[in-house]
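**Q** Would you mind keeping the following structure in view while I ask a few things?
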Ligand code: SF4
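The structure is reproduced here in structure tokens:
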């Protein structure tokens, strides 16, 4: 008799945890994207100065990127 209630409660708890995890993950992604956009707008580095694997390297005009492009052109 109490088995269906327990399953309902368990499913509700699992669904709640799943939605909470998705919300947390979504807010983390949103925060990261927002921070990167702000840094780009303020002309600041978004990848701690490691230009080698930076996704905006080709469009970046910060001194580190220009120096790295210079080195790459010479080699
Ligand atoms: S390309 Fe280099 S300088 Fe430009 S944001 Fe990326 S890591 Fe920073």
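Residue numbers (our numbering): 351 to 425. Beta carbons: idealized from backbone N, C-alpha and C, even for Gly. Please read all numbers here as calculations on a predicted model, not as lab measurements.
Regarding residue 397 and the ligand SF4, is the C-beta to nearest heavy atom distance less than 7 Å?
**A** yes
**Q** Start and end of the alpha helix (DSSP H) containing residue 422?
**A** 413 to 424
**Q** Within 10 Å of its beta-carbon, does residue 415 have 16 or more other beta-carbons around it, so buried, or fewer, so exposed?
**A** Buried, since its Cβ has 16 or more Cβ neighbours within 10 Å.
**Q** Tell me whether the beta-carbon of residue 401 lies closer than 8 Å to the beta-carbon of residue 418.
**A** Against a cut-off of 8 Å, the Cβ pair of residue 418 and residue 401 comes out as a contact.
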